[in-house]
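Protein chains: 2
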Amino acid sequence: MKVVTIKDIARLANVSVTTVSRVLNHRPDVNPETREKVERIIEENSFVGNQNARGLKQTSEVVGLIIRGRSNPFLNSLAEAILDCAASLSDFFVTEYIDEKADEFETALRMTKQHRIKGMIFVGSLIDDRVHAIHGLEIPVVFTTVNAMAASLKNASSVAVDDRSMGRLVGEELLSLGHRKIAVFGSNPVAGDSLAMRFLGFCDAYADRGLTFEHQYYRECRFSMEAGYAAAREYFSNHSDTTALFAMSDAVAIGAIRALKDLGRNVPEDVSVVGFDGIDLCRFTIPRLNTVEQPVEEIARRSVNLLLDMMEKGAAPRHILVNAFYRSRDSVAAPHILP
Amino acid sequence: MKVVTIKDIARLANVSVTTVSRVLNHRPDVNPETREKVERIIEENSFVGNQNARGLKQTSEVVGLIIRGRSNPFLNSLAEAILDCAASLSDFFVTEYIDEKADEFETALRMTKQHRIKGMIFVGSLIDDRVHAIHGLEIPVVFTTVNAMAASLKNASSVAVDDRSMGRLVGEELLSLGHRKIAVFGSNPVAGDSLAMRFLGFCDAYADRGLTFEHQYYRECRFSMEAGYAAAREYFSNHSDTTALFAMSDAVAIGAIRALKDLGRNVPEDVSVVGFDGIDLCRFTIPRLNTVEQPVEEIARRSVNLLLDMMEKGAAPRHILVNAFYRSRDSVAAPHILP
DNA sequence: AACGATATCGGTAACGTTTCCGGTAATAGA
DNA sequence: TCTATTACCGGAAACGTTACCGATATCGTT
């Protein structure tokens, strides 16, 4: 199978490969007539540049995308938005999914070497101690859905919702309805990360009313329906007086609602449930899920702009907080057993 | 940032680049001592081969993966299984997501040129008239979740569940419970594709009992919750006597259940619903969804084996039908309004 | 002792593209 | 008319890796 190369195009167009390359890269210094002729020949032969050869030159601006979890619909929609939004801006994207326990620094480093990547976006990453190793990458990176300010990495920007405010909003919503015994299902919070911030905000709402959140109402739980189910099953078997649940992910909330049903408790009549992220599914569950909707498009747009600024203009890292939106639906009600 | 290349390793190990390459590719003709030394140096410098340079050589066996729809959980889990299963077998995977309306031949052709791909797996593809263009690819391809036998492409294998049998099984299940007015939400069926087969099987079940399926009960519907919702909303507003629904995708079923609820009809008391695919979510919805579970791991394993056989041994295309499993849960019951 | 077989290794030419440097021709300015 | 500038283009060297071919050394055979 003969594949057509830039050399073939050059021969057919009676120009040098250099000129074809110039046309391909929209360089200004080529005669309009020549350009047109070359473009026609490219079109006729449906020539597509070989990405391997391009990538071999150290100059190409390939950017990497690391996504934690292929099955997470929220992260998937975010990744999709990023790719859409960068389609016209960057040369090429190489994306890689990693699982929950994978080390993102290791992955990033390997990708950098394997593909000569010049910038990286992390979708749904964790900020923990190991993240400081990102220093070693020496390429600009952007973290999404997590505020990396606290990590103070010199080559890392971040775009995230204002988790603390949103946590507070959820707390206020539930407290103002009269709930007092509220469970929180978070996951593995590290000082300064998104989850910790949401939780802090949630506690702020308590403090506003002179209340304090008691730790016995908190459960650690991975971000899956399965885990949400298991956590709720365990928790509500032992805490029958709890009237509300704040799940820090929609998947967890959906698993929990199912577990509550199996325990003979209805949502929202017996227990109110609030999720986080705002995945499509929330609009179709029974009951429809109250949740905090993350502005996926905005996060995507700002992330790629941030990365491009850093890559092309050498801009300094920035940490952007965007606004989220509390969406009220059918999974929250006042507790009918008043204290 | 200085990246270490095979040349650096060769220099540090006092061998030629050729020898390092041999070590990298596990060639037999290298002295064990030398091999060990080189491997040590590679390890010490955490050297990773440049994929671009590898891909530039026409010999590397890169395989492509085309997935229709990033947000489809079933296809995502299938893609994940394929990647897992091929991780050790192939040199490198390049995956690309396409949307509903994209032409898979165009995409495949571009990928082939752009990345010098030697084999391709389609995850969740459509078999329509255009697919014959895959001929032009001249590389072995495997279609998953669709039986490509009818298309009789000389370079294409396929792995799919026995759609016709499963369609029949669903039909039997519902008919034997006493349902007679059953809606079917499929999508855009082309002669010989998966959906058409499921539908044919469903009609078989009718025929077995001397009944015939009437076309007024059929609705076309894209594979999303949104579309399932809209279709159900329209359909059940006009067909209040229908007591069951066979949705050819779990997402459609879930959207439909929500629509039924909004119409004041409960599942399964008023309407029974059966889905297709067996995504995780089915176990957590209210009610839990009856569905046909596709054997994701088996489809994945057989697909990569098929492709590898074709790529390496030049094996002839084969079309494999695997067994699916009807999972009975809470969304199906006997109709309480008997005819 | 001469020979062939085998194990182990190195030099070099590709792969397809971009970039650097330089060259020619046309045009403008003096 | 001469020079300087500009527009446009081409040759050749890289990028990192692998494949091909050939070279040497060792060892067993006759």
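These protein sequence lines are chains Z and S, in that order. With positions in the first sequence counted from 1, the corresponding number in the working numbering is that position plus 13. With positions in the second sequence counted from 1, the corresponding number in the working numbering is that position plus 13. Where a beta carbon is used, it is the ideal one built from N, C-alpha and C, also for glycine.
By the Cβ test, the region 78-94 of chain Z is in contact with the region 296-316 of chain Z, since at least three Cβ pairs between them sit closer than 8 Å. The count of Cβ pairs closer than 8 Å, one atom from the region 238-255 of chain Z and one from the region 177-188 of chain Z, stays below three, leaving the stretches out of contact. Annotation for A169 of chain Z: the continuous beta strand (DSSP E) segment containing it runs 169-174. In this structure, Z:V345 is the residue among Z:E151, Z:T32, Z:V345 with its C-alpha nearest to the C-alpha of G191 of chain Z. Of all residues in the region 250-280 of chain Z, only I267, G268, I270, R271, K274 place a beta-carbon less than 8 Å from a beta-carbon of chain S.
For K126 of chain S, at least one C-beta of chain Z is nearer than 8 Å to its own C-beta. D293 of chain Z reaches chain S at M238, counting residues in chain order whose Cβ is nearer than 7 Å. In terms of Cα proximity to A264 of chain S, the closest of Z:A163, Z:F297, Z:E247 is Z:F297. Neighbourhood of I299 of chain S in chain Z, by CB distance below 8 Å: I270, R271, K274, T298, I299, in chain order.
Listed in chain order, the positions of the region 65-82 of chain S with a beta carbon within less than 7 Å of a beta carbon of chain Z are N65, A66, G68, L69. Contact check between the region 274-283 of chain S and the region 67-76 of chain S: fewer than three CB pairs, one atom from each, fall below 8 Å, which does not count as touching. As computed with DSSP, N251 of chain S is found in no beta bridge at all. Taking CB atoms only, E46 of chain S has no neighbour in chain Z less than 8 Å away. Just so you know, the alpha carbons of A94 of chain S and R83 of chain Z end up roughly 11 Å apart. Less than 8 Å divides the Cβ of V75 of chain S from the Cβ of K131 of chain S.
If you look at I312 of chain Z, you'll find it in the alpha helix (DSSP H) that goes 309-326. In this structure, the alpha-carbon of G327 of chain S lies about 19 Å from that of A161 of chain S. Every unbroken stretch of the alpha helix (DSSP H) spanning 4 or more residues and falling wholly within the region 94-173 of chain S is given here in chain order: 117-128. Nearest neighbour of V136 of chain Z by Cα position, chosen from Z:D142, Z:G214, Z:A220, Z:V154, turns out to be Z:V154. Scanning its chain for C-beta atoms nearer than 7 Å, with the 5 sequence neighbours on each side dropped, one finds around Q64 of chain S the residues F105, in chain order. Secondary structure of R340 of chain Z (DSSP, three-state): strand.
Interface criterion not met: the Cβ of E49 of chain S is under 8 Å from no Cβ in chain Z. Legend: CB atoms of the region 215-243 of chain Z lying less than 9 Å from CB atoms of chain S belong to residues S237, M238, E239, G241, Y242. Within its own chain, the residues whose Cβ lies closer than 7 Å to the Cβ of S200 of chain S, once the five positions on either side in sequence are excluded, are L208, E233, C234, R235, F236, M261, listed in chain order. For G268 of chain Z, the uninterrupted alpha helix (DSSP H) segment begins and ends at 263-275.
Bridge partners of S285 of chain Z according to DSSP: Z:A257. For the region 23-45 of chain S, the beta-carbon criterion of a distance under 8 Å to any beta-carbon of chain Z is satisfied by none of its residues. Under the three-state reduction of DSSP, T298 of chain Z is assigned to coil, being neither helix nor strand.
Listed along chain S are R83, S84, Y110, each with a C-beta nearer than 8 Å to that of E93 of chain Z.
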